[in-house]
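Numbering-wise, the numbering used here comes out as the position in the sequence shown, counting from 1, plus 1130.
Virtual Cβ for every residue (Gly too), placed ideally from N, Cα, C.
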Amino acid sequence: MKNPAIRYTATKKEETMVKTWISIIFSMLIVITAGASFSAGPELTEVEPNNRPAQANAIRLDQTVIGTFHYGDHDAGDYYSLTAPGMGRMTATVVLANPQCGIMVGAIGFHRGRLETEWVPSSSTQPASIYSKKGESPVSFSFPVEGGYKGYIFVQGPYLNSGGYSQGNLVITACTKGGDYYLLPIANEKLRNLPATANDGKRILPPLQYRLIVTFAGEGAGVDMGKPPIVVTPPQPPIVTPPPPPQAAERILIEAENETESSIRPLSERPARNTKEIRPAWRPPYSGTGNWYLAVGGEFLRYQFNVNRGGMYYVWVRDYVDRFQPKGVRRISVEFDGRAYGTFSEVDVPAPGDKGAFGWHRVGNGVNLTTGTHTMKVTKEATTAGAALLDAFYLTTDPNDKPAEK
């Protein structure tokens, strides 16, 4: 979206209006929690930054947490830490101020040997995270835990389904096509120069908020205690079963130039002729036979690929950076099977020469993929001074895996 520079001077009246909006949102949250059982105990307000496990806010079971979606939460998410009190299941329930805004709720850790980067065990019937459906609220995610092990709940969103833009320190997004914009405040930065409407005349509403509560149900809950005691027989020598051999990681390499479909604007609407570049001698070392050059916001590439074994796949992108453009002008949005995965800046690697550099970087928290055929769509977020130069994509089930550089 093209937008002229926004310049506003906030008045006392506008600041009062923002505080009033936020109070209204809190009131709405209380109303829309019908159907979700929230604790009447002391509430906890999220503290930013908490976009990775090391920054997680410590919470308690049955405690209501009030969270706010900040800029970047659609890439990383808000993390909350707690320890499982026993063997059983935890349930994370999230109530959204606007159910039309898509979110993801997931969990990592809570099991013996699970690291801060490893999701809770998943299968075809037990995911490690869930995406909310349009209009769904509350969103409940249930998963198994082992007693005494620490873990993390994360709430990721809102997914930028219907556009948005940033200008200066103002970042906004719309959750539905043609809907109002919502503020996405930048963590630890004071909001200044707040306009009442965007350049297209649509309203700019206060930041999106949610309420989170985590509950626990132990194994054996609901057992009839009136039954006669169980007679315990003397212990027998244990049967030792050797552990199964470790399963090799699944790896999928997709070359950018091997797209299934592309959508490129006519030359009269583009600032450059470059599109698919095959064996370009003027580029730095690239993977495969070339790369793609997306110059205009909305231009996209679609890829079809096959997954031999379902599970959690971590996503890597190999794209381009140079010393002539500021970081963030080459942002791309990624979707899997029509569902938003996130919007990401280009790789952050040194590029001192005139040719620039390609480099790998991991994006997002991973995606659950079933066995079979899937599609990935990569879109240039906006028309900016720098194009998105895409070289390759890499999906792996190993969170410690990293693709080799050229």
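Check: Nearest candidate by alpha-carbon position, reference Ala1617, set His1204, Glu1178, Gln1230, Tyr1210; Outcome: Missing from the structure shown is residue 1617; the chain here goes from 1131 to 1536 and no further.
Check: Assigned secondary structure, Ala1518 (DSSP; H/G/I helix, E/B strand, else coil); Outcome: strand
Check: Close-in-space but distant-in-sequence residues of the same chain around Asp1467 (CB under 7 angstroms, 5 per side omitted); Outcome: His1504, Thr1505
Check: Residue ranges of each beta strand (DSSP E) within the region 1388-1428, 3 or longer; Outcome: 1391-1393, 1406-1408, 1420-1424
Check: Nearest candidate by alpha-carbon position, reference Gly1308, set Trp1446, Ile1334, Tyr1471, Gly1440; Outcome: Ile1334
Check: Inter-residue Cα distance where the pair is Thr1405 and Gly1489; Outcome: 19 angstroms
Check: Segment limits, beta strand (DSSP E) that includes Gln1286; Outcome: 1280-1286
Check: Collapsed DSSP secondary structure at Gln1434 in the structure displayed; Outcome: strand
Check: Local conformation of Gln1455 per DSSP, three classes; Outcome: coil
Check: Minimum C-alpha distance to Lys1264 - residue among Cys1305, Val1497, Ser1254, Tyr1444; Outcome: Cys1305
Check: Minimum C-alpha distance to Pro1337 - residue among Thr1345, Leu1519, Tyr1311, Gly1496; Outcome: Tyr1311
Check: Span of the beta strand (DSSP E) around Ile1196; Outcome: 1195-1198
Check: Segments of 3+ residues assigned as beta strand (DSSP E) that fall wholly inside the region 1171-1245; Outcome: 1195-1198, 1208-1213, 1218-1226, 1234-1239
Check: Coil, strand or helix - Pro1336 by DSSP; Outcome: coil
Check: Sequence-distant residues of the same chain with beta carbon closer than 7 angstroms to Pro1414, five excluded per side; Outcome: Lys1485, Gly1486, Ala1487, Phe1488
Check: Through-space distance from Arg1403 to Glu1176, alpha-carbon basis; Outcome: 47 angstroms
Check: Strand pairing of Leu1525, partner residues [DSSP]; Outcome: Ile1382, Val1445
Check: Simplified DSSP state of Arg1460, which is helix, strand or coil; Outcome: coil
Check: Of the residues Pro1268, Arg1400, Glu1389, the one placed nearest Leu1342, counting alpha carbons only; Outcome: Pro1268
Check: Span separating the alpha-carbon of Gly1458 from that of Val1451; Outcome: 10 angstroms
Check: Selection from Ala1425, Arg1182, Phe1240, Ala1328 that minimises the alpha carbon distance to Thr1513; Outcome: Ala1425
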